[in-house]
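**Q**
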Amino acid sequence: MSADGDWEAAALGEIDDQDLRALAMLRTVLQASDPVPSGLAERAKFAMSVAALEAEVAEITTTTAELAGVRSTQYDRAGTITFSSDQLSAMITIEMLEGGGARLSGWVTTGPTHVELRERSRTQETTTDDAGRFAFASVERGLVHLVLRRLDEPQGRPVITPAIEI
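Under the working numbering, read the sequence shown as residues 620 to 785, first letter to last.
1. Hey, out of S740, R640, F753 and T729, whose CA is closest to A660's CA?
2. On the criterion of 16 or more Cβ atoms from any shown chain inside 10 Å, does L765 qualify as buried, or is it exposed?
3. The ligand FAD and R769: does any heavy atom of the ligand fall closer than 7 Å to the residue's C-beta?
4. Output the distance between the C-alpha atoms of P731 and L770, rounded to the nearest integer angstrom.
5. So, with DSSP's three-state summary, where would you put A687?
6. Let me check understanding here. Comparing Cα to Cα, which of L716, W726, E673 and V676 lies closest to T699?
7. Do you know offhand how far L645's Cα is from W626's?
8. Among T647, L707 and I713, whose alpha-carbon lies nearest the alpha-carbon of V758?
9. Buried or exposed: where does R640 fall if 16 or more other Cβ atoms within 10 Å of its Cβ makes it buried?
10. Since I709 is in the alpha helix (DSSP H), which residue starts that stretch and which ends it?
11. Looking at the structure shown, is A677 part of a helix, part of a strand, or coil, going by DSSP?
12. With distances taken between CB atoms, is the gap from L723 to V778 smaller than 8 Å?
13. Among A750, E717 and T681, which residue has its Cα nearest to the Cα of T729?
14. Can T742 and A677 be called in contact, C-beta distance under 8 Å?
15. If you draw a straight line from the alpha carbon of L716 to that of D635, how long is it in whole angstroms?
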């Protein structure tokens with residue numbers, strides 16, 4: 620800024636090295652004092668997916684920890700989770716694999732269903748078999764959710780599950 624206090628001229632000027640240093644210091648202070656919450660980007664993507672799909676959101680109705688009556692101050696990963704919506708119910712089982720990944724297998728109560736598994740960096744797709752079963756052999760660790768579309772009701776709204784941590 621000029622000595623005479625011409626803020627408008629300074630604001631209209633080019634960004635120089637002094638401006639870049641000031642912005643870098645501001646970023647450092649803000650990241651230390653008010654960091655972005657972990658998982659915020661994934662939650663925002665989930666919310667946008669629901670809005671874009673005009674989907675019905677399924678609710679988590681049971682997990683293996685609830686069924687066993689386990690209470691702990693430590694974080695427990697559920698092995699089996701059941702989701703319910705007006706259109707369908709789905710049960711998934713998560714099996715942790717050596718090397719950090721997981722296998723996800725599931726069952727849907729309705730007829731043939733297209734199942735999308737949305738992970739952080741990819742989407743996997745499959746269709747249920749005649750008994751309503753489906754599986755994904757290699758799932759990355761992190762937040763994931765399912766998008767289920769009944770094939771016997773092509774005009775129906777998709778059902779999306781809440782994000783779960785693998």
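Every residue gets a Cβ at the ideal spot worked out from N, C-alpha and C, and that includes glycine.
Predicted model, so just to flag it, every value in this text is computed and none were measured.
**A** On the basis of the coordinates in this document:
1. S740
2. A residue is called buried when at least 16 other Cβ atoms come within 10 angstroms of its Cβ; L765 meets this threshold and is buried.
3. Ligands are entirely absent from the displayed structure, and the ligand FAD is therefore not among its contents.
4. 6 Å
5. Confidence at A687 is low in this model, with a pLDDT of 43, below 50, so its placement is unreliable and the value that follows should be read with caution. A687 falls in the helix class under three-state DSSP.
6. W726
7. 19 Å
8. I713
9. exposed
10. One point to set straight first is that residue 709 is Ala, not Ile, in the sequence displayed. Here A709 belongs to no alpha helix (DSSP H); instead the beta strand (DSSP E) covers S708 to M715.
11. coil
12. At least 8 Å separates the beta-carbon of L723 from that of V778.
13. A750
14. no
15. 51 Å
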